[in-house]
Amino acid sequence: MNISLPDDMRSAVDAQTVARGYGTSSEYVRDLIRRDLDRQALRALLDEGRASAQGEPITEKTFKALRARASLAAGETA
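Yeah, the sequence shown ends on 86 if you go by the numbering used here, and it's all consecutive.
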(Lines of atoms letter the chains of each structure in order from A and count residues from 1; the text may use other names and numbers.)
(Lines give C-alpha, C1' and ligand atoms only; values in the text may rest on other atoms or scores of the structure.)
Protein backbone atom coordinates (compact mmCIF):
# COMPACT_ATOMS: atom_id res chain seq x y z
CA MET A 1 0.00 0.00 0.00
CA ASN A 2 1.29 3.43 -0.88
CA ILE A 3 -0.02 6.59 0.70
CA SER A 4 0.52 10.08 -0.69
CA LEU A 5 0.95 12.91 1.81
CA PRO A 6 1.30 16.64 1.33
CA ASP A 7 4.81 17.92 2.00
CA ASP A 8 3.95 19.32 5.44
CA MET A 9 2.48 16.01 6.61
CA ARG A 10 5.40 14.04 5.17
CA SER A 11 7.81 16.31 7.06
CA ALA A 12 5.81 15.79 10.26
CA VAL A 13 5.88 12.00 9.81
CA ASP A 14 9.62 12.04 9.11
CA ALA A 15 10.25 14.21 12.19
CA GLN A 16 8.16 11.98 14.46
CA THR A 17 9.81 8.85 13.04
CA VAL A 18 13.21 10.14 14.14
CA ALA A 19 12.05 11.77 17.40
CA ARG A 20 10.24 8.66 18.61
CA GLY A 21 12.95 6.22 17.57
CA TYR A 22 11.16 4.34 14.80
CA GLY A 23 13.31 2.70 12.16
CA THR A 24 11.07 3.75 9.28
CA SER A 25 8.08 5.95 8.64
CA SER A 26 6.06 2.77 8.00
CA GLU A 27 6.74 1.62 11.58
CA TYR A 28 5.50 4.99 12.86
CA VAL A 29 2.32 4.84 10.76
CA ARG A 30 1.63 1.23 11.81
CA ASP A 31 1.95 2.28 15.46
CA LEU A 32 -0.51 5.14 14.89
CA ILE A 33 -2.97 2.70 13.33
CA ARG A 34 -2.57 0.23 16.22
CA ARG A 35 -3.21 3.00 18.74
CA ASP A 36 -6.29 4.12 16.82
CA LEU A 37 -7.63 0.56 16.76
CA ASP A 38 -7.02 0.28 20.52
CA ARG A 39 -8.87 3.56 21.07
CA GLN A 40 -11.78 2.35 18.95
CA ALA A 41 -11.96 -0.92 20.90
CA LEU A 42 -11.99 0.98 24.19
CA ARG A 43 -14.69 3.33 22.92
CA ALA A 44 -16.82 0.35 21.88
CA LEU A 45 -16.48 -1.12 25.37
CA LEU A 46 -17.39 2.20 26.96
CA ASP A 47 -20.42 2.55 24.68
CA GLU A 48 -21.45 -1.00 25.56
CA GLY A 49 -21.17 -0.15 29.24
CA ARG A 50 -23.22 3.00 28.89
CA ALA A 51 -25.95 1.07 27.09
CA SER A 52 -26.07 -1.72 29.67
CA ALA A 53 -28.19 -1.82 32.79
CA GLN A 54 -26.60 -0.54 35.96
CA GLY A 55 -25.01 -3.36 37.85
CA GLU A 56 -22.68 -3.71 40.79
CA PRO A 57 -20.56 -0.82 42.05
CA ILE A 58 -17.34 -0.26 40.10
CA THR A 59 -14.23 -1.59 41.85
CA GLU A 60 -10.60 -2.18 40.95
CA LYS A 61 -11.64 -5.70 39.93
CA THR A 62 -14.10 -4.16 37.46
CA PHE A 63 -11.35 -2.06 35.87
CA LYS A 64 -9.02 -5.06 35.62
CA ALA A 65 -11.75 -6.99 33.80
CA LEU A 66 -12.38 -4.07 31.44
CA ARG A 67 -8.67 -3.76 30.66
CA ALA A 68 -8.53 -7.48 29.90
CA ARG A 69 -11.55 -7.21 27.57
CA ALA A 70 -10.05 -4.18 25.82
CA SER A 71 -6.76 -6.01 25.28
CA LEU A 72 -8.62 -9.03 23.93
CA ALA A 73 -10.72 -6.86 21.60
CA ALA A 74 -7.63 -5.03 20.34
CA GLY A 75 -5.94 -8.36 19.66
CA GLU A 76 -8.92 -9.58 17.68
CA THR A 77 -8.83 -6.55 15.37
CA ALA A 78 -5.10 -6.79 14.67
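The C-beta atom is built at its ideal place from N, Cα and C for all residues, glycine as well.
Rounded to a whole number of angstroms, what is the C-alpha to C-alpha distance between V26 and D16?
16 Å
Can you tell me whether A49 is buried or exposed, with buried defined as 16 or more other CB within 10 angstroms of its CB?
buried
Looking only at C-alpha atoms, which of R38, E35, A78 and K69 sits nearest to D55?
A78
Grouping DSSP H, G and I as helix and E and B as strand, with all else coil, what is G57?
In this structure, G57 counts as helix in the three-state DSSP scheme.
L53 to A20, Cα distance in whole Å?
32 Å
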